[in-house]
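*Asks:* This is the structure I want to talk about, given as structure tokens.
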Amino acid sequence: MVIQATPELLRWVDDQLGRGCDPAEMIDSMVTVGHTRAFAEGMLGKASGKTRFKGSQAAADAAADALNEVPEPLPAPLASGTSTIVVDGHRVEILVNLHHPRIVVFGNLLTDAECDALIEASRPKLARSETVNRANGGTELNEARTSEGTYFFHDASPLLETINRRIAQVTRWPLANGEPLQILHYGIGAEYQPHYDYFSLEDAGTSTLLQHGGQRVATLITYLNTPEAGGATVFPDVGLEVAPIRGNAVFFAYESPTPASRTLHGGTPVVAGEKWIATRWMRENVYA
Ligand code: PD2
Ligand code: ZN
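Here it is as structure tokens:
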């Protein structure tokens with residue numbers, strides 16, 4: 006696992022350890038401000054290395070133990086070398102598998118019939134998309150996101166149950182940690198300007214959002230149709246552009262809720278035709 010940390014955070018960890026603070030309490034503080042527990046535990050383990058650790062031996066041992074206990078920290082779709090995953094008899098292809106940051110492009114995640122069924126079920130429910138209000142954790146209209154959308158709970162229909170089971174298996178992340186499936190529709194010119202999907206540690210509204218399953222740790226965007234032109238998903242920090250092709254999907258995980266995750270991403274304007282996607286945002290804990 007690669008732990009990416011800002012110099013400020015490393016300095017804070019060093020300072021606290023140097024003053025003899027309890028590593029377990031420091032981990033709790035980091036979780037409270039929005040870091041994942043795995044990340045916080047990894048940071049403590051990293052800072053407890055002999056050359057950098059200035060606190061008591063007991064605290065050093067506790068931090069080292071914390072590192073040893075780091076669980077699988079993020080959704081982890083597959084091992085290197087895998088080219089297909091079969092779920093309930095449905096064959097999903099692995100088209101791209103980037104490791105840092107973790108970005109996986111899937112082929113044939115959904116069938117044409119499943120894509121069409123999701124679109125038709127959504128049409129009557131569409132409403133203008135909103136974004137998180139960073140001050141209070143609510144939602145608001147935002148010119149940076151000009152799509153319309155709706156969402157479905159996990160058990161909304163047998164179709165949703167099938168799709169959700171497949172998503173959970175290919176991402177190897179529990180369905181219970183997933184937010185409801187968001188369906189988005191972009192007309193000509195509509196876009197989603199570059200942003201991060203995690204909740205920023207600097208925003209006042211983040212503490213409210215974290216109460217529902219903790220931090221977001223990964224996103225899966227599935228293309229339900231192929232726009233005539235435009236509508237790619239772009240990752241400016243890594244120079245990657247994913248073509249929106251019906252049934253395919255792009256998955257990415259964020260190792261920390263900071264720009265160091267290099268998961269800045271956006272949906273470019275639709276130039277001709279329309280664009281439909283299904284987005285699953287994944288939390289570190291059960292979403293409730
Ligand atoms: O529509 C997209 O390509 C897109 C881009 C960025 C969707 C999202 N973010 C999202 O749903 O979070
Ligand atoms: Zn996004």
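Here our numbering is used: the first residue of the sequence shown is 6, the next is one more, and so on.
Glycine residues also receive a C-beta, built at the ideal position from the N, C-alpha and C atoms.
By the 10 Å Cβ neighbour count, where 16 or more other Cβ atoms means buried, how is Gln216 classified, buried or exposed?
*Replies:* Answer is exposed; the Cβ neighbour count stays below 16.
*Asks:* So, under 8 Å CB-CB, Pro241 and Lys280 are touching, yes? Tell me the CB distance rounded to an integer number of Å.
*Replies:* Going by Cβ atoms, the distance from Pro241 to Lys280 rounds to 19 Å, so no, they are not a contact pair.
*Asks:* State yes or no: is the C-beta of Tyr197 nearer than 7 Å to some heavy atom of the ligand ZN?
*Replies:* Checking the Cβ of Tyr197 against the ligand ZN gives yes.
*Asks:* Among Glu196, Asn147, Arg251, Leu269, which residue has its Cα nearest to the Cα of Gly236?
*Replies:* The shortest C-alpha separation from Gly236 is found at Glu196.
*Asks:* Short of 6 Å in beta carbon distance, which residues of its chain neighbour Ser141, apart from the five on each side in sequence? Order them along the chain.
*Replies:* Reading off the sequence shown, one finds Asn at residue 141, where the question assumed Ser. Taken in chain order, the residues that qualify are Gly210.
*Asks:* Tell me, please, whether the stretch 119-135 touches the stretch 149-162 by the rule of three or more beta-carbon pairs shorter than 8 Å.
*Replies:* Touching, yes, given that three or more Cβ pairs across the two stretches are closer than 8 Å.
*Asks:* Taking 8 Å as the threshold (C-beta atoms), are Ile226 and Ala248 in contact?
*Replies:* Their beta carbons are not under 8 Å apart, which means Ala248 does not touch Ile226 by this criterion.
*Asks:* Would you report the Cα separation of Ile99 and Ile90, rounded to the nearest angstrom?
*Replies:* In a straight line, the C-alpha of Ile99 is about 8 Å away from that of Ile90.
*Asks:* To the nearest angstrom, how far is the alpha carbon of Thr263 from that of Asn113?
*Replies:* Cα to Cα, the separation comes out at about 31 Å.
*Asks:* Could you tell me the boundaries of the alpha helix (DSSP H) in which Glu125 lies?
*Replies:* Element bounds for Glu125: 117-127.
*Asks:* Does any heavy atom of the ligand PD2 sit closer than 7 Å to the C-beta of Gly272?
*Replies:* Yes, Cβ of Gly272 sits closer than 7 Å to a heavy atom of the ligand PD2.
*Asks:* Hey, is Asp202 close to the ligand ZN, as in C-beta under 7 Å from one of its heavy atoms?
*Replies:* Under cutoff, so the answer is yes.
*Asks:* Between Pro274 and Glu153, what straight-line distance do the alpha-carbon atoms span, to the nearest angstrom?
*Replies:* Rounded to whole angstroms, Pro274 to Glu153 spans 14 Å at the Cα level.
*Asks:* Using only the alpha-carbon positions, how far apart do Ser266 and Asn138 sit?
*Replies:* Their backbone Cα atoms lie some 22 Å apart in a straight line.
*Asks:* Exposed or buried, Thr116, counting other C-beta atoms within 10 Å across all chains shown (16 or more means buried)?
*Replies:* Result: exposed.
*Asks:* In terms of alpha-carbon separation, which member of Gln174, Val92, Val97, Gly183 lies closest to Gly252?
*Replies:* Nearest of Gln174, Val92, Val97, Gly183 to Gly252, Cα basis: Val97.
*Asks:* Excluding the five sequence neighbours on either side, which residues of its own chain have a C-beta within less than 6 Å of the C-beta of Glu246, listed in chain order?
*Replies:* Excluding sequence neighbours, Glu246 sits near Ala237, Val239.
*Asks:* What whole-angstrom Cβ distance do Gly218 and Arg288 have, given they're in contact under 8 Å?
*Replies:* Correct: roughly 3 Å between the Cβ atoms.
*Asks:* Inspect the beta-carbon positions of Ala301 and Leu180 and report whether they are closer than 8 Å.
*Replies:* In the structure as shown, the chain begins at 6 and stops at 293. Residue 301 is therefore absent and cannot be evaluated.
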